[in-house]
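Asks: This is the structure I have questions about; it appears just below.
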Amino acid sequence: MDTSEKYIRMCSLAKEIQRKWVFQYGDFAYNPVFEKVEVLLYPENNSVNYIWLPRQDQLQEICMEFYMQNLKMAKFEAFLKFLEWYSGRLRYAFEHRLKNGDGFIDSGEELLLTRAMIMMYWKKWDGENWVKAL
2 MDTSEKYIRM CSLAKEIQRK WVFQYGDFAY NPVFEKVEVL LYPENNSVNY IWLPRQDQLQ
62 EICMEFYMQN LKMAKFEAFL KFLEWYSGRL RYAFEHRLKN GDGFIDSGEE LLLTRAMIMM
122 YWKKWDGENW VKAL
């Protein structure tokens, strides 16, 4: 699970993804009060504005839901479409490394967050913020 400063920043600025957070037992979240990542075992009160750090399986579900709703696919078809894209990205990353803004993609979570943001909201990471992709 990516808990790097970079991934925390990307998640905190991905407001559209943050709005999709529905608490699940074992969610990873950054606690800005204590400046640390926590694994949540029960829903917290709203006095702390946690930043959700979606895991790969959660980001995969977000992408698959997009396929099912917008491309009118069954869940199995959406899963196959996701695997087709993901395997292509992994192969490309292995051969060439994937750029993300001014740097490289450093984790599976970062790769999937980037995919979700560009696919659903036409935004890409420029190294500092999510900006409209042309």
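Using the working numbering, the final residue of the sequence shown is 135, and nothing's skipped along the way. A virtual CB, placed ideally from N, CA and C, is assigned to each residue, including glycine. Remember, predicted model here, so these are calculated numbers, not experimental data.
Could you tell me if F95 is buried or exposed, where buried requires 16 or more neighbouring beta carbons within 10 angstroms of its beta carbon?
Replies: Classification of F95: exposed, given that the 10 Å Cβ count is below 16.
Asks: Is it buried or exposed, P33, if we count other Cβ atoms within 10 angstroms and call 16 or more buried?
Replies: It is exposed - the Cβ of P33 has fewer than 16 other Cβ atoms within 10 Å.
Asks: Alpha carbon to alpha carbon, how far is L14 from D161? Give it in angstroms, no decimals.
Replies: Any question about residue 161 goes unanswered here, given that the chain covers just 2 to 135.
Asks: Mind checking whether V40 and F29 have CB atoms under 9 Å apart?
Replies: Closer than 9 Å, so yes.
Asks: Looking at R98: is its Cβ nearer than 9 Å to the Cβ of F105?
Replies: Their beta carbons are under 9 Å apart, which means R98 touches F105 by this criterion.
Asks: Nearest-angstrom Cα distance between K7 and R20?
Replies: Each residue's Cα considered, the two are about 20 Å apart.
Asks: Name the one or two DSSP bridge partners that Y31 has.
Replies: Note: Y31 sits in a beta bridge opposite V38 and I52.
Asks: Among Y31, I63 and Y68, which one has its Cα closest to the Cα of N50?
Replies: The shortest C-alpha separation from N50 is found at Y31.
Asks: Counting along the chain, where does the beta strand (DSSP E) carrying W123 start and finish?
Replies: Segment: none, W123 is in no beta strand (DSSP E) and carries neither H nor E.
Asks: Of all the options C64, L42 and L54, which has the alpha carbon lying nearest to the alpha carbon of I9?
Replies: Of the candidates C64, L42 and L54, the one whose C-alpha sits nearest the C-alpha of I9 is L54.
Asks: Measure from the alpha carbon of Q22 to the alpha carbon of each residue in S5, L91, F83 and R56, then state which is nearest.
Replies: Note that residue 22 is Trp in the sequence shown here, rather than Gln. Of the candidates S5, L91, F83 and R56, the one whose C-alpha sits nearest the C-alpha of W22 is R56.
Asks: Can you list the alpha helix (DSSP H) stretches of 4 or more residues lying completely in the stretch 52-80, in chain order?
Replies: 57-71, all fully within the stretch 52-80.
Asks: Just verifying my parser: in three-state terms, what is the DSSP assignment at F105?
Replies: In the structure shown, F105 sits in a strand (DSSP, three-state: E or B).
Asks: Apply the 10 Å Cβ neighbour rule to E110 and answer buried if 16 or more other Cβ atoms are within range, or exposed otherwise.
Replies: Buried.
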